Structures are given as structure tokens and as C-alpha cells.
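I have placed the structure first, in the form of C-alpha cells, so that the comments after it can refer back to it.
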Amino acid sequence: MVTKPNPILEYSIDSLLKAFNTYRKPVLNHSHFSKLMNLLDTRLRKQGIDMELPGYWYKYGFYIEPRFLDSALPRKFTEYYTLDDTVVPPMHPKRDYGLKADIKKTIDSIVRYLWKQYGYKSDYGKKVKRDSYQINSPYDFNTIFQDYIDVVNRKERGFGSRKDQLEPLLDDLLNNFPEDDFPELFDLYLEWDDTVRLILDCTSSEKQYGLIVDLRDKFWDVFSNCVRIIHHQNIPDEKSIIDEWERKYEQSIPAFYHELEDLREEILSDNYEFSNKNEDTVKKLLKCAYENHKGEAHG
23 MVTKPNPILE
33 YSIDSLLKAF
43 NTYRKPVLNH
53 SHFSKLMNLL
63 DTRLRKQGID
73 MELPGYWYKY
83 GFYIEPRFLD
93 SALPRKFTEY
103 YTLDDTVVPP
113 MHPKRDYGLK
123 ADIKKTIDSI
133 VRYLWKQYGY
143 KSDYGKKVKR
153 DSYQINSPYD
163 FNTIFQDYID
173 VVNRKERGFG
183 SRKDQLEPLL
193 DDLLNNFPED
203 DFPELFDLYL
213 EWDDTVRLIL
223 DCTSSEKQYG
233 LIVDLRDKFW
243 DVFSNCVRII
253 HHQNIPDEKS
263 IIDEWERKYE
273 QSIPAFYHEL
283 EDLREEILSD
293 NYEFSNKNED
303 TVKKLLKCAY
313 ENHKGEAHG
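Structure follows, in C-alpha cells:
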């Protein structure tokens, strides 16, 4: 049950922002703020304190939409806590939150612990994201996919081909796809996996980067849309928002499936015409397209 006003949530946010942004500078982006709040929420729950933090798991981890905080806080988050697309303490902090001293003491203690872990540390945002995933990620698949995103982003491959770098991650993803929770998405996922492997086997290195980045982003958009439908908490006006998410998710599956089919046909057609006289290459293409890892995934 989400309550408003929510003094525990308000005090938790104010305490965290006072520690991480004492001078109210535009230095804390909303993504890092969301993950710090996720870690604070986790530790508070272990102490028996529920701040009723609203949010959900999405593309890059736990995320809190500002409009959710507008609904949950006594003062509008978007008016009092934002500056140049960053999160800052309110200009005039409260003196009395109506909370028991022991609750405030527990919150402040955990905030100090988080500050010692991350405050003023280089790349603290990456550390916060990593720890949030390690502690609270709803699926191993999500955590592995973040590594996949990072590796795909590297234009310079260093040692080894792009295929050598990506195939182990593709294998890990295949072994960890949460089929039980998303059976309707499994066939699309296999089609995506096969298409990426086809690109790695059958297209030039110049074309690979753009194609793989595009497919990565589009698949992750579809998958993230379904994850948040299950893994959310304390969403205001929940039914309306979840209905909106479900519509978007259901519409995205057939559109992306057709796009994958068209791309596969194009790659196979280009290579088949080029290799028309080479029977061995044609057989390799067919094997890439229709057999690679499907047997393992269903086995």
C-alpha cells in the first residue's frame, strides 16, 4: 500500500542527497540516483523499514520515474529536487519529518555506509550500477546482457575477432534466458540470437558493428518492456501504467520478429548469390541460419 505523504521516503531521499550532493551542484544524474536509492531501499528493508520506493527494472537497471516521486512526496520532486537534468537536495530542507528518532538514525547510518562505499570515488556510477545488479537484478540474463552491451560498444576490437568476443556472451545469455517467465518471448529471442550469429559468420567486419548495435538495442528494448511488467514496486496508478506497458510490449514483438526475418533473408540472399558456385559455403550459411544453437536451447 503506497501512502502519501510518505515521510520515510522523503527523509531517505533528503538524507542521501545531503550526503552525495552537499553543495547542491548539478553532478548527480537520475540514473545514479535511482541505483543509490535501490541500494538504500534494500538495506533499509533488512532493518525492517519500508520506504515504499517506487520504481522498476528496465534497460540499465533499477529506475525511478520522476512522476512517481511527484505522486509519492509531499513536495513535487520535479520542482524541488531537479536542476539541469540532475538530482539535487531541495533548496529549503525540512526540519521536522514527523519520524521517530530511531528510524532517522537508521536511515542516516545506511546513507553514511553508502557514502563510504561510493562517495568521491572515480567511476562511482559504474560501481553503484554493478552492485545494484549483483544484489537485486531480477535475472542473471539482465546482468550478462549489460556485459554484452559494453563489449558490443567497443569499436576497436583489440585482440581477437568480434565473433571471438561476442560468442561466449551469446552462449551465456542462451543458457540464462528466463524462459519460464517469458515463454511468449523465447522464439523471438532465439531468432535474435541466430541472426546475431549469422551476422558474425556471414557479413564483413565493416557491416557487423552497425547491424549488431541496432539489433542489440531493439531486442533490449523489447525485453526490458516485459521485465518491468513483472518487476516493479509501489507504482502509483498501477493498473493504468501496467496496461500501458503491456500494450507497448505486445505491439513490439511482431514488429521486431518481422524485422529479424527480413534481415536474415537479406543476409542469406546476398551470400547465396555471391557464393552460388560454392556448395560448401551455401551449406555453411544454411547451418548458421537454421541450426546454430537451437538444438542446445531446446535440449
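Each position in the sequence shown, counted from 1, maps to that position plus 22 in my numbering.
By construction, the Cβ of each residue, glycine as well, lies at the ideal position given by its N, Cα and C atoms.
If you're wondering where the values come from, they're calculated on a predicted model, not measured in any experiment.
Three-pair Cβ contact test at 8 Å for the region 282 to 289 versus the region 205 to 225:
Touching, per the Cβ criterion.
Three-way DSSP call (helix, strand, coil) for LEU95 in this model
Here LEU95 carries a coil assignment [DSSP, helix/strand/coil].
Return the Cβ separation of PHE167 and PRO200 in integer angstroms, given the expectation that the two are a contact with Cβ distance under 8 Å.
In fact, because the Cβ distance is near 11 Å, the residues do not count as touching under 8 Å.
Alpha carbon to alpha carbon, how far is LYS81 from ASP239? Give it in angstroms, no decimals.
Near 9 Å, if we compare the C-alpha coordinates of LYS81 and ASP239.
Would you check if the region 220 to 231 and the region 259 to 275 touch, i.e. whether three or more CB-CB distances between them fall below 8 Å?
No, because fewer than three Cβ pairs between the region 259 to 275 and the region 220 to 231 fall closer than 8 Å, the two stretches do not touch.
Check each candidate in TRP267, ILE234 and ASP259 and name the one with the smallest Cα separation from CYS248.
Each of TRP267, ILE234 and ASP259 was checked against the Cα of CYS248, and the nearest Cα belongs to TRP267.
Pick from ASP169, PRO205 and GLN255 that is closest to LEU195, judged by C-alpha positions:
Checked all of ASP169, PRO205 and GLN255; the closest Cα to LEU195 is ASP169.
Is the beta carbon of LEU38 sitting closer than 8 Å to the one on LEU62?
Cβ distance < 8 Å, so LEU38 and LEU62 count as in contact.
Simplified DSSP assignment, three categories, for GLY120:
Note: GLY120 maps to coil in three-state DSSP.
Determine the burial state of MET73: buried for a count of at least 16 other Cβ atoms within 10 Å of its Cβ, exposed for fewer.
Buried: at least 16 other Cβ atoms inside 10 Å.
Through-space distance from LEU290 to PRO227, alpha-carbon basis:
Note on identity: in this sequence residue 227 is Ser, with Pro being the wrong assignment. The straight-line gap from Cα to Cα measures roughly 16 Å.
Please determine, among TYR45, THR108 and THR64, the residue with the shortest C-alpha to C-alpha distance to PHE55.
The residue with the shortest Cα to Cα distance from PHE55 is THR108.
Classify PRO111 as buried or exposed, calling it buried when 16 or more other Cβ atoms lie within 10 Å of its own Cβ.
Looking at its Cβ environment, which holds 16 or more other Cβ atoms inside 10 Å, PRO111 is buried.
Going by the beta-carbon positions, is the gap between LYS98 and ASP92 smaller than 8 Å?
It is a contact, given that the beta carbons lie within the stated cut-off.
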